[in-house]
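Under this note's numbering, residues 150 to 621 are what the sequence shown spells out, in order.
Note that CB positions come from ideal geometry on N, CA and C, so glycine has one too.
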Amino acid sequence: MQINSDSILAVKRHLEALLRITNYYQNFTDTYVVEFFVEDLWSRVPHKWREVLDEMTSWEFAEEIFQPTLNSVYSRVYPLSLLSFKACCNKLQIPRQVDGLDNSTTSRQQLSKLFNYAMKKHINMKKQHELKQLCEVIVNEAAKSGSSHVVDVGSGRGHLSRLLSIEHNFKVTSIESDDKNVERARVFDKECLEFVSKTDSNAIKILPTHITHHVKRYISGDEFVTLIKTDSSINNDRILLSGLHACGDLSPTMIYTFVNCKEIACLISVACCYMKLSVDELGTQKAEPHYSVEGDKLGYPMSKYVASIQNHQIKFTSRKISCHSNEALSEKMLSDGGHLKVQCYRAVLEYILRKKNPNMIRPGVHNNNKKSTKKTCLSKFADYLVLAFNKLDIPVPTNEEFDNIHIKQMLSKNHRVVIFYALCSMLAPLIENIILLDRAVYLYENGFDSSVQCIFEPKISPRCFALFASKS
Ligand SMILES: C[S@@+](CC[C@H](N)C(=O)[O-])C[C@H]1O[C@@H](n2cnc3c(N)ncnc32)[C@H](O)[C@@H]1O
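Here it is as structure tokens:
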């Protein structure tokens, strides 16, 4: 989607439509699915929908409503309002399809040995895909904007930075706040360089310069230039500012910096973790000393246009939902391997915990440890409970406490929990689109055209959009 003077009115109309539907269905998204039974979330689904949804398996819901394919057929008569909800969710979202990238040049055979080496080392398939795609995008955009210096913000362990400098000969400055990540990045750089010198002893390769620094939200253009000039090799090259999954406020910060720093010629921002954005949950305006311009203060909204909408906010729960991966959820629903049963188990657990102690609100019980409660999803609820209570370090309830008719009834409503979760998730792309379009409108308000494009396969990497802008 292009955001420029020709399209701005249509973009704003589109944003309004997104705001209207997400606002209308706020009672879905402003929820925690773990509270499904505690808050009786099923009652928030319109009565007519409930009648039909209650008869469905989660497989049928995925096939016919959630992620229908061209071959999908309706097995029953659905309420028109549900069909209209489905149509709006599908029609209004920016297409989640990778367009315009020349996949032929990114095929594995054509990648250099170094690229393959660097890819396989320490990097999972998801990251490999992201790096392949983003490197190609950066090479193209750098050529268009005449940038030879890339600043990689929130560079993590430096995978993107390393490939851009060693493989594509960019001057790269990596900025990362976590010193452990920077330490690892330096070790990986060294390994990579050793590999290069073994395979091509004549190759002169420059490594990225790593700066350990927490970029603050209100960094000015001058402060940013001073920061990157700690790298003494920097001269007056045009800068391409990039961030791969720069989380929370880091992405808006990059956008503010692009606007305020004349040295930056091009911006490629791939965001994630929208729930970490700083927002004004109370709807009060706070004065920030660094910026006087309205709307420049928060992670969301950024644009004056969205900031001027009365009583508008995207709550934490909705921003969290906007990070869902519908592709992954529908795959799970279609494969029906019982993986989603854990959603229901967790919701019943919440019910039991609240009965015991009303102050115990949504404690964390799922993690990736060996004895993870998530991995017990295929086993019995009793086993799940034991693991969860052990994790919370509280006495496991007796059989009588949870082996009763009421708990059994809740457990038998597994399909409801999954379908409700999917209904919320249908709105997820729309909420993400609102956040991204707000950023694009902010850029437009400050004199810059931009575009929002899907650059990753959403099945592999659900935070698949990049926001592009450049200065002529
Ligand atoms: C989701 S990770 C992405 C890492 C890397 N770009 C990648 O794709 O592998 C986000 C990174 O940004 C870093 N980060 C977050 N806020 C930051 C800030 N304000 N300044 C610098 N780094 C930050 C985090 O420490 C983390 O390593």
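Start and end residues, beta strand (DSSP E) containing residue i
i    : result
V201 : That residue, V201, is in no beta strand (DSSP E); its alpha helix (DSSP H) goes 196–202.
L416 : 413–421
I388 : 388–396
T322 : 320–325
A211 : Note, A211: premise wrong, no beta strand (DSSP E); not H, not E.
F617 : 614–619
V302 : 298–302
S600 : 599–603
I170 : No beta strand (DSSP E) holds I170; the alpha helix (DSSP H) holding it covers 157–173.
I360 : 358–361
Contacting residues, own chain, Cβ-Cβ under 7 Å from residue i (five flanking each side not counted)
i    : result
V187 : E499, Y500, R503
V442 : Unreliable positioning characterises V442 in this predicted model, as indicated by a pLDDT of 42, which lies under 50. The coordinate reading is nonetheless provided below. For V442, where only same-chain residues beyond five positions count, there are no Cβ hits under 7 Å.
E279 : L393, F605, S610
L399 : V302, G303, V364, G392
K519 : Unreliable positioning characterises K519 in this predicted model, as indicated by a pLDDT of 48, which lies under 50. The coordinate reading is nonetheless provided below. Nothing meets the Cβ criterion.
F465 : M424
L560 : C493, V497, F530
F551 : I501, L534
M509 : L502, R503
E476 : P607, K608, P611
Y174 : L576
A166 : L241
H473 : S574, A577
Own chain residues within Cβ distance below 8 Å of residue i, not counting five before or after
i    : result
T255 : No answer about T255 holds up, because its pLDDT of 46 lies below 50 and its placement is not dependable.
S296 : E290, D386, R387, I388, L389, A414, C415
I470 : T178, C573, S574, L576, A577, I580
L426 : G397, D398, P401, L447, G448, Y449, R468, I584
R257 : Model confidence at R257 stands at a pLDDT of 42, short of 50, so the residue's coordinates are unreliable; what they give is reported in the following sentence. Cβ neighbours of R257 beyond the five flanking positions: N265.
E480 : K608
V567 : S207, F210, M482, L489, Q492, C493
Q602 : M150, D248, G249, F614, A615, F617
Whole-number beta carbon distance between residue j and residue i, since they are thought to touch under 8 Å
i    : j    : result
I584 : Y423 : 6 Å
K197 : P228 : 4 Å
N330 : S369 : Incorrect: roughly 25 Å between the Cβ atoms, too far for contact.
V183 : R588 : About 30 Å; that fails the 8 Å criterion.
H308 : I272 : 6 Å
A420 : A395 : 6 Å
Bounding residues of the alpha helix (DSSP H) (the contiguous stretch that carries residue i)
i    : result
D587 : 577–594
K339 : 328–348
C238 : 229–241
F551 : 548–551
C410 : No alpha helix (DSSP H) contains C410, which DSSP labels as neither H nor E.
I556 : 554–560
K505 : 490–505
R311 : 308–311
R225 : First-last for R225: undefined, no H or E at that position.
C472 : No alpha helix (DSSP H) holds C472; DSSP gives it neither H nor E.
M274 : 274–294
I355 : Looking at the DSSP string, I355 is not in any alpha helix (DSSP H), and its letter there is neither H nor E.
F538 : 530–541
V374 : 370–377
CA nearest to the CA of residue i, picked from the options
i    : options                : result
S600 : Y227, L416, K425       : L416
I404 : F210, S323, F337, V590 : V590
V345 : I324, R333, H363, N265 : N265
R225 : S294, V201, I510, S369 : V201
P607 : R245, D371, K270       : R245
Y494 : R169, A159, D155, F185 : F185
D327 : D338, K320, V336, R306 : R306
W109 : N595, D587, N563, S310 : Because the chain in this structure spans residues 150 to 621, residue 109 falls outside the shown range and cannot be described.
E549 : F538, L560, I543, A531 : A531
S310 : D338, N153, D429       : D338
V514 : S154, L312, K540, P507 : K540
T375 : E412, K347, T348, I355 : E412
I324 : I315, S314, I360       : I360
L241 : R199, K293, T171, N220 : T171
E121 : A571, L586, A395, D155 : For the chain, the structure presents residues 150 to 621; residue 121 sits outside this window and is missing.
Own chain partners of residue i with C-beta closer than 6 Å, once the 5 adjacent residues on each side are dropped
i    : result
A618 : L416, L592, F597, S599
F234 : none
Q151 : S600
V194 : none
N153 : D598
F622 : Outside the displayed range of the chain (150 to 621) lies residue 622, so it cannot be described from this structure.
Interface flag, residue i vs chain C, CB-CB below 9 Å
i    : result
E332 : No chain C appears in this structure, which consists of one protein chain only.
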